[in-house]
Amino acid sequence: MKVTLSVIKADIGGYVGHSGSHPDILKTARQILQKAKDKRVIFDFSVLSCGDDLELIMTHDKGTENTEIHNLAWNTFVECTRVAKNLKLYGAGQDLLSDSFAGTVRGMGPGFAEIEFEERKSEPVVIFMADKTSPGAWNLPLFKIFADPFNTAGLVIDPSMRKGFIFQVLDVFEDRIYTLSCPEDIYDLLALIGAVGRYVIKTVYKKGSNEVVAAASTQKLGLMAGKYVGKDDPVLIVRSQSGFPAIGEILEPFSTPYLVEGWMRGSHHGPLMPVAFHQANPTRFDGPPRVIAAGFQITNGVLIGPRDMFDDPSFDEARKRANDIANYIRKHGPFEPHRLSLSDMEYTTLPEVLKLIFEEIKFEIPRKTELEEKIKKKYRFLKDVRVVVTEGATFHQVLKVIAKEAANYFEKIAKDGMKIGVGCGRTIGNLIANLTPKMFSGLKIYPLSVTPTLEAVEFSSNVLVGQMAGKYPDSSAFNLPSIPVASYKEYKEKYLVNPDVKKIYDESHDVDIFLVGIGAVEFKTPGFAHIAYMYKKLTPDKLRKKGVLAEINFFPLYKDGTPLTESEKAENVLKELANRIVGVSLSRLKEMAKTPGKYVVAVSGGMEKVEAIKTALKGKYFNVLITDSYVAERILED
């Protein structure tokens, strides 16, 4: 029979502090899951805890990422959070990053690992649950279990395992999956998974049969929430025996307490200590990080167990060594290598190696299609919406991911010989950087803005036109004079009298695809804020107080969505500044957005841009919006 094993966890309140789980929490969870079992929603269940994490283990026949199962888990966490709040437990509900359920728990805070499989004659599994560490903690053990013959003798002496295993590795920052086959790709695999903060093993398959042998949770709370709200505390499912690694081979890597990220405030390295269930209560410096192992026999979907696999004196030495390591590394206090380096919170890149390994790999960025449909229904002038999954990522990360999606979208709608209008700003610059070289021929590329600033000149329209032309060597790139003027009238009298310049300027207003950013009024966004400060010493705060909330191609928008030059409420000093902006105007973009066959693609995201995007939507200046899930949810709140 086909069975799905789902392990879904969340920290919904610690007892005491972050050290353990209150009995009432576990009791509540068991009562809820028992009702679900009685109604035959699930075959069976087990409720465990590791530190302050509530672990829901369920078997059913509904497949992975099933809405009914994930909703059951979510409702269980919500009810347990209510209990935690009544008990005033610390951090009650801290892993629940959303107020309502949205199909699955992906991106909502809880971690999960799931495997769907045809139940074998005997189906032993081990479920590892860790506290005070991150998903990268599984990288080294999984490598040793499935790729190291010094750990797993079966790789050498078991004929059914000699072909090896296939690893799926997730880049948690870029949402990109790499597939590597071992033993032949072993060095490439190590090049990735050694960077445990960025590349994590997601799934392991058996070669030949392509059966799923192991699945790990890969959710990182920091990326979802945009700030530290607790460590990720991952879970891992590993199937065993009969062509898969033996139980002893699966447990063997944990006989060495390797250093992992996590511990106090999620900001330190510490040894991963294998402990029995009753010892999974980290108190010393909120640690050291703990891992428990629950063994089950799955029989016709029923969970026979759990068996406490680390409740074994053969792991006493590992626990002693973990304490010795903890004693030593704690002496470093706030110094590295005990404290994580600053770079561990940023991208870790291996550019030369990755270029050799993955130069030709294409990938799809995860999207929230349900949010896309809701936005299109609310803003009917939009003919397309793309919402990428980046809940709470840093501003820099959001820019990169939505720019990648925008590049993918551009490559779907563009055709040879089209006319392309290029706006300004970092996001459009990132979009161009992600375009596939030589994909199109005969393009004509124009700048949409010619107003200069004294800073961030690398993101001006003229410069970005040149960068896009570099992607398509046989394209035609056009620039326009970018000189400070007091008004469009002055620009026209000085430069558009030249017929060649006038021709380029007119053609820039009638391209097939307009690529524009939506800027917030702030200095980090090159544009109107720079102009206002350069000429009138108006800071972004002063501009916002005067009602300027957004800009497109340097053209500022009043808070009601109207162009600043047309607003009856805007102050004259603001209108004077707005008159200095020259390029494809907001009214022209609005006209083109209504024109059949024309694409006005607005690319913008990040929590800093929410108000700006809301303001721009009021004016209907584009017909395609590419943004992130955080912004999308805020847009739909109004």
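Yeah, the sequence shown ends on 639 if you go by the working numbering, and it's all consecutive.
Note that the Cβ used here is the ideal one computed from N, Cα and C, for glycine as well.
The model shown is predicted, which means the values in this text are computed figures rather than measured ones.
Residue 187: member of the alpha helix (DSSP H) spanning 187–194, first to last residue. Sequence-distant Cβ neighbours of residue 183 in its own chain, meaning closer than 8 Å and more than five residues away, are 147, 148, 165, 166, 167, 168 and 190. Bounds of the alpha helix (DSSP H) holding residue 78 are 68–87. Just so you know, the alpha carbons of residue 256 and residue 429 end up roughly 50 Å apart. Within the same chain, and ignoring the five residues on either side of residue 389 in sequence, the residues whose Cβ sits closer than 6 Å to its Cβ are 366, 368, 402, 403, 406 and 629. In the DSSP assignment, residue 2 falls outside any alpha helix (DSSP H) and carries neither an H nor an E. Under the criterion of beta carbons closer than 8 Å, residue 549 and residue 522 qualify as touching, at roughly 5 Å.
Here residue 93 has 13, 14, 82, 85 and 86 as same chain residues with Cβ atoms under 7 Å from its own Cβ, once five neighbours each way along the sequence are excluded. Here residue 249 carries a helix assignment [DSSP, helix/strand/coil]. Between residue 481 and residue 448, the gap from beta carbon to beta carbon is short of 7 Å. Here the alpha carbon of residue 386 sits roughly 9 Å from the alpha carbon of residue 372. Burial is judged here by how many other beta carbons sit within 10 angstroms of a residue's own beta carbon; residue 163 has fewer than 16 and is exposed. Residue 283 is positioned such that its CB atom lies closer than 7 Å to that of residue 52. When the Cα atoms are used, residue 492 and residue 507 turn out to be separated by approximately 14 Å. Ranked by how close their Cα comes to the Cα of residue 485, the residues 202, 423 and 582 have 582 in first place. Taken through DSSP and simplified to helix, strand or coil, residue 314 comes out as helix.
Taking C-beta separations shorter than 7 Å and ignoring five residues to either side along the sequence, the partners of residue 114 in its chain run 8, 216, 217, 218, 236, 237 and 238, following chain order.
The DSSP-derived three-state label of residue 239 is strand.
Between residue 91 and residue 438, the alpha-carbon positions lie close to 52 Å from each other. In this structure, the alpha-carbon of residue 118 lies about 14 Å from that of residue 44. The residue among 336, 420, 319 and 253 with its C-alpha nearest the C-alpha of residue 141 is 253. Of the candidates 214, 466, 292 and 275, 214 places its Cα closest to the Cα of residue 243. When DSSP assignments are scanned along the region 135–174, the uninterrupted stretches of alpha helix (DSSP H) that are 4 or more residues long and fall wholly within it turn out to be 140–148 and 155–158.
Contact annotation, residue 461 with residue 488: C-beta distance approximately 20 Å; criterion of less than 8 Å not satisfied. Taken through DSSP and simplified to helix, strand or coil, residue 541 comes out as helix.
Secondary structure at residue 61: strand, using DSSP grouped into helix, strand and coil. The region 311–330 makes no contact with the region 152–163, as fewer than three CB pairs between them are under 8 Å. Closest in C-alpha terms to residue 32, from the list 6, 264, 46 and 22, comes 46.
Relative to residue 309, the option among 212, 293, 161 and 299 whose CA is nearest is 293.
A residue is called buried when at least 16 other Cβ atoms come within 10 angstroms of its Cβ; residue 303 does not meet this threshold and is exposed.
For the pair residue 275 and residue 327, the CB atoms are not nearer than the 7 Å cut-off. Spatial neighbours of residue 411 in its own chain (CB-CB distance under 8 Å, excluding positions within 5 residues in sequence) are listed in chain order as 432, 436, 514, 516 and 602. By the criterion of at least three beta-carbon pairs nearer than 8 Å, the region 168–182 is not in contact with the region 258–273.
Going by C-alpha positions, residue 613 is about 55 Å away from residue 124.
By the C-beta density criterion, residue 382 is exposed, having fewer than 16 other C-beta atoms within 10 angstroms.
In the DSSP assignment, residue 217 forms a beta bridge with 237.
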